[in-house]
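According to numbering that gives the first Met the number 0, the residues represented by the sequence shown are 0 to 254, in order. We treat Cβ as the ideally placed atom computed from N, Cα and C, and that holds for glycine. All values reported here derive from a predicted model rather than from experimental measurement. Only one structure is covered here, and it is reproduced in the block below.
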Amino acid sequence: MDRKIDQNVGLVPTRHQAPGPSPGAIHQMPMPSSNTRSPAAIAQDPLDAMVATLEEDIVFGRLHPRERLVEDDLMARFEVKRHVVRDALAALDRLGLVERRKNVGALVRSFSAQEVTELYEVRAMLETEAARRIDLQRVPAHLDTLIAIQQQHDTAVAAGDARTVFRVNLAFHRELFSLCSNQTLQKAIAEFARQTHPIRFASLVSPEYRERARLEHWQMIEALKAGDIDGLVALCASHLLPSRDAYLHAQQYRG
0 MDRKIDQNVG LVPTRHQAPG PSPGAIHQMP MPSSNTRSPA AIAQDPLDAM VATLEEDIVF
60 GRLHPRERLV EDDLMARFEV KRHVVRDALA ALDRLGLVER RKNVGALVRS FSAQEVTELY
120 EVRAMLETEA ARRIDLQRVP AHLDTLIAIQ QQHDTAVAAG DARTVFRVNL AFHRELFSLC
180 SNQTLQKAIA EFARQTHPIR FASLVSPEYR ERARLEHWQM IEALKAGDID GLVALCASHL
240 LPSRDAYLHA QQYRG
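Set out below in structure tokens:
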């Protein structure tokens, strides 16, 4: 039975869906309201909810690079005490999304062109190595889940649901790289992917990028079905380029 993933990455049965949204469904995706918390965030404790919401604010460009995160403002917005705000900022710092400076406070992390290039070089090395290490004998047991997740991605792209596109995209790659048995490599991939969250906004709002990413996910699935590891490695490498290039282009334009 095909399975479905919600925003909490939980799996429940669903009916099979044809891959891909209708051509007319590809449109500019509205960003979620900054006052809207995901169901996953609401279900968590105040600290986890705050971290998840601020993470999405950074990803969707509601919080900009070098923007200050003022403790008093966050206390009022989230209705929490100062120690919760400080714990949340510390967690975001550890995740590479925020940087804290003496006598300045916490700011959304910004990246130089060199830092962006280096981050994506590391991501490419990690993700292509994981693809090379995929055990094809494990693929049949995971294929239905991977397809179901991608069907969720198709639906989210068609619906213009930015939050679900973001979350389900993460789930797709997590499931894909779980086929590599090296768990340390899996954790490194997740860590460096999270560090690039602030870089993704320019590509996330692009209809062309969303459609390209959607199609490439299906190509990855087809490569797995065919046992084409070399093709999968090439797809994993090229899949990273649009978000990197969009950020660098925007930075060059601003500069």
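Between which residues of its own chain and residue i is the CB-CB distance below 6 Å, once the five residues before and five after are set aside?
i    : result
L73  : V84
E66  : V107
G60  : F200
R99  : D92, A105
S202 : Y208, P241, S242, A245
Y119 : L239, R243
L62  : D56, V107
L135 : G226
L94  : R193
Indicate the three-state DSSP secondary structure (helix, strand or coil) for residue i in the structure shown.
i    : result
V285 : Summary: the structure shown does not reach residue 285, with the chain confined to residues 0 through 254, and so no result is reported for it.
G226 : coil
R280 : Missing from the structure shown is residue 280; the chain here goes from 0 to 254 and no further.
S242 : helix
L62  : coil
V204 : coil
S237 : helix
Q250 : helix
Can you name the residues that DSSP bridges to residue i?
i    : result
R67  : L106
E98  : L106
I133 : C179
For residue i, count neighbouring C-beta atoms within 10 Å of its own C-beta (all shown protein chains included) and say buried if the count is 16 or more, exposed if not.
i    : result
E117 : exposed
L240 : exposed
Q150 : buried
S180 : exposed
L214 : exposed
S109 : exposed
A197 : According to the sequence shown, residue 197 is Pro rather than Ala. With 16 or more other Cβ atoms within 10 Å, it is buried.
R209 : buried
A245 : buried
A161 : buried
D56  : buried
A24  : With a pLDDT of 41 at A24, under the threshold of 50, the predicted position of this residue should be treated as unreliable, and no value is reported.
What is the residue span of the alpha helix (DSSP H) that residue i lies within?
i   : result
V79 : First-last for V79: undefined, no H or E at that position.
D47 : 45-58
In chain order, what residues of the same chain have a beta carbon less than 8 Å from the beta carbon of residue i, not counting five sequence neighbours either side?
i    : result
R122 : I188, F191, A192, T195, L239
L142 : I220, L223, K224
A80  : Before going on, a small fix: residue 80 reads as Lys here, not Ala. Correct list, in chain order: M74.
R132 : C179, S180, N181, L184
A17  : For A17, the predicted structure reports a pLDDT of 42, less than 50, and the residue's modelled location is therefore unreliable. A value from the coordinates is still provided. Cβ neighbours of A17 beyond the five flanking positions: none.
V58  : F165, H196, P197, R199, F200, L203
R211 : P241
Ignore the nearest five residues each way along the sequence and tell me which others in residue i's own chain have a CB closer than 7 Å to its CB.
i    : result
L175 : L145, M219
L125 : L184, A187, I188, F191
H152 : V164, V167, N168, F171, R213, H216
H248 : none
T127 : V232, C235, A236
A87  : L46, M49, V50, L53
E112 : For the record, residue 112 in the displayed sequence is Ala; it is not Glu. Taken in chain order, the residues that qualify are L247, Q250.
A155 : T163, V164, V167
V115 : I198, R243, Y246, L247
For chain C, find out if any of its Cβ atoms is closer than 8 Å to the Cβ of residue i; answer yes or no.
i    : result
T144 : This model lacks chain C altogether; it includes just one protein chain.
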